[in-house]
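Reviewing the structure listed below.
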Amino acid sequence: MVKKLLKFEVLLLLAVFTIATCGLVYELVAGTLASYLLGDSVKQFSFIIGVYLFSMGIGSYFSKFIRKNLLNTFVEIEILVGLIGGLSSVLLFVLFESVYYFQFILYFLVFITGCLVGLEIPLLMNILKDKVKFRDLVSNVFTFDYIGALLASILFPLVLVPQLGIMRTSLFFGMINISIAIVLCVVLKKELKNQGLLQAKAILSFIILVAVFIFSEQILSYSESKLYGENIVYTHATPYQRIVLTHNKSDYRLYLNNNLQFSSKDEYRYHEALVHPAMSVAKKVDNVLVMGGGDGLAVREILKYKDVKSITLVDLDEGMTKLFETNKILTDFNGSSLTNPKVTVINSDAYIWAKTCKKQFDVAIIDFPDPSNYSLGKLYSLNFYRTLQHILTPDAVVTIQTTSPYFAPKSFWCINKTVAQILPKTDAYHVYVPSFGEWGYTIASNNPSAGFNNVRRKVEGLRFYNYDYSKLSVFSKDMVADEIEINRLDNQILVRYFDEEWGKL
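Here it is, written out as structure tokens:
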């Protein structure tokens, strides 16, 4: 009897562990998908975790109304959590471009999953209350629950997403959920009512998930083709972002987390404007720093200057830089710049790397993604520019991509004003890039007497920039913003500006 009770308790605790692990994975999948598809990862994750915890409370409340067939209900919850959670990412990918109320569906799935997970602990405690001491029951149940949550939070970014991708991760954990339900049906068949029907439900659900898992790549390709409206020639998921390369006639486009990174038709305008104003006026260009720019396109422009001795590229995502070192289509765009012997690629968080760097640079080209969340906003903060100044030579020149002064003037001038607090000579300019519209940059120098119109060197063969900086530094009234705050690390007003301005579009 003791052995039977122990087996009974262990199996149910294992089920709790599985539901806790899988439940959190489903919410991490939902949060990651929301940040990919909707942007602003901080807000999306905050809302999703909040809804998930709230719905767990709702599920716990309604568990008191379940008084019969507790064990059967517990197994059915295991099946439902696996089926709904497992298929959630597939539904979200497929429906993103098809339905108007996408966010309602997103949060509805989160709510349903949370309610089901919230039912499990009260149900289990009611099942075992007459078989196990209350003190041991509570400690064991919550221990398994919290260990499951910890395991999910560790495995998700380090193993699951890099190896399986978002869609297959949720399907895989759905299969784990339902596998536990099948085990419960087999081992506890004498305690279950209608055990045969319950087992058939579990097996059918498992088969559905396996079938979808097998065809997940085709489903993902279909949903992404609808999303981008172009022929997809390459997709790759890294721990930090999903990379998609599309081709339409003579135009290749690169998307990172659903955001256009560049178009092969006009990227030269963006990168020539980013690189050559600084390179042409800097006193020296021996050692050049590029932060961000893992596509190697800015490095391609820098290498046009023969007096450059070394280029250090710092980009967080090794998957991104490796792709642009090896993919034939992409190396044609960047001229194999990342494998040039003058170039050193460092895959690290630029914010942390800059604090420990001992080298000084004559030119710095800052090409970070737009400050759409707080992890990116720190790279546009007063604290970061203060750190950057320490690794610049006294006459160094810096250019920073500064988002659009037309679509996001507050964001643009916030970055410019923040830089001006640290570097004594600061100016702003903009160019028109057809794929993006008006796009802006900040140029600055450690030398207060630096002249941004004082061209020291030129290279031949540029398609856009003609070394007349003065024409780019004139702004119309609709690209000017007043009463702008500085972006500080502990109060990132820039992220709020960015969300407010780009959110309208």
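Residues in the sequence shown are numbered consecutively from 426, following the working numbering. Where is the CB? At the ideal position from N, CA and C, for every residue including glycine.
Quiz prompt | Reduced DSSP secondary structure (H/G/I, E/B, other) of Ser688 | solution = strand
Practice problem: With Val506 as the anchor, note down where its beta strand (DSSP E) starts and where it stops. | Solution: Note, Val506: premise wrong, no beta strand (DSSP E); alpha helix (DSSP H) at Leu495 to Leu520.
Quiz item: Are Gly448 and Thr538 closer than 8 angstroms when you measure CB to CB?
Solution: Contact annotation: Gly448 and Thr538 have beta-carbon atoms nearer than 8 angstroms.
Self-check item: Buried or exposed (CB count within 10 angstroms, at least 16 for buried), Leu738
Solution: Buried, because 16 or more other Cβ atoms sit within 10 Å of the Cβ of Leu738.
Quiz item: So, do the stretch 648-666 and the stretch 813-821 have three or more beta carbon pairs nearer to each other than 8 angstroms?
Solution: Under the 8 angstroms Cβ criterion, the stretch 648-666 does not count as touching the stretch 813-821, having fewer than three qualifying pairs.
Quiz item: Which residues in the same chain have their Cβ closer than 6 angstroms to the Cβ of Ala875, if we skip the five residues on either side of it in sequence?
Solution: Lys850
Quiz item: Taking the C-alpha atoms as reference points, what is the distance between Leu430 and Lys626?
Solution: A caution first: Leu430 carries a pLDDT of 46, below 50, which makes its placement in the model unreliable, though a value can still be read off. Computed Cα separation, rounded: 26 angstroms.
Practice problem: Quick one: give me the first and last residue of the beta strand (DSSP E) that Asn872 is part of. | Solution: Element bounds for Asn872: n/a, residue is neither H nor E.
Quiz item: Grouping DSSP H, G and I as helix and E and B as strand, with all else coil, what is Tyr526?
Solution: coil
Quiz item: Along the chain, where does the alpha helix (DSSP H) that runs through Phe758 open and close?
Solution: Lys753 to Asn759
Self-check item: For Tyr695, the nearest candidate out of Val454, Thr828 and Leu517 (CA to CA)
Solution: Nearest option by C-alpha distance: Thr828.
Quiz item: Just curious, the alpha helix (DSSP H) that Asp924 is in, first and last residue?
Solution: Ile918 to Gly928
Quiz item: Nearest to Val710 by CA position, among Phe470, Tyr894 and Lys883, is which residue?
Solution: Lys883
Quiz item: In the structure shown, what three-state DSSP assignment does Gln785 receive?
Solution: coil
Quiz item: Per DSSP, what kind of secondary structure is Lys883 in: helix, strand or coil?
Solution: coil
Self-check item: Phe837 versus Gln666 - alpha carbon distance
Solution: 24 angstroms
Quiz item: Mind pulling the alpha helix (DSSP H) runs of 4 or more residues that sit fully within the stretch 628-675?
Solution: Within the stretch 628-675, the complete alpha helix (DSSP H) segments at least 4 residues long are 641-653, listed from N- to C-terminus.
Quiz prompt | Tyr571 versus Leu897 - alpha carbon distance | solution = When rounded, the distance between both Cα atoms is 57 angstroms.
Practice problem: Leaving aside the five residues before and after Met426 along the sequence, list all residues of the same chain whose C-beta is less than 8 angstroms from its C-beta, in chain order. | Solution: In this predicted model, Met426 has a pLDDT of only 39, less than 50, meaning its place in the structure is not dependable enough to derive any value.
Quiz item: Any idea what DSSP makes of Pro794, helix, strand or coil?
Solution: coil
Self-check item: Where Glu908 sits in the DSSP three-state scheme
Solution: Glu908 carries a coil assignment under DSSP once its states are collapsed to helix, strand and coil.
Practice problem: Return helix, strand or coil for Pro849, following the three-state DSSP convention. | Solution: coil
Self-check item: Tyr831 beta carbon less than 8 angstroms from that of Met415
Solution: Outside the shown range of the chain, which is 426 to 930, sits residue 415, and nothing can be said about it.
Self-check item: Inter-residue spacing [alpha-carbon to alpha-carbon] between Lys428 and Met592
Solution: With a pLDDT of 47 at Lys428, under the threshold of 50, the modelled position of that residue is not reliable, and no figure is offered here.
Quiz item: Glu913 by DSSP, collapsed to three states: which one?
Solution: One point to set straight first is that residue 913 is Arg, not Glu, in the sequence displayed. Look at Arg913 here: in three-state DSSP terms it is strand.
Quiz item: Looking at C-alpha atoms only, which residue of Val880, Phe889 and Tyr477 is the closest neighbour of Met704?
Solution: Val880
Quiz prompt | N- and C-terminal bounds of the alpha helix (DSSP H) containing Ser604 | solution = Here the alpha helix (DSSP H) through Ser604 covers Val586 to Val612.
Quiz prompt | Own chain partners of Leu699 with C-beta closer than 7 angstroms, once the 5 adjacent residues on each side are dropped | solution = Ala723, Ile790, Asp792, Thr824, Gln826 and Tyr866
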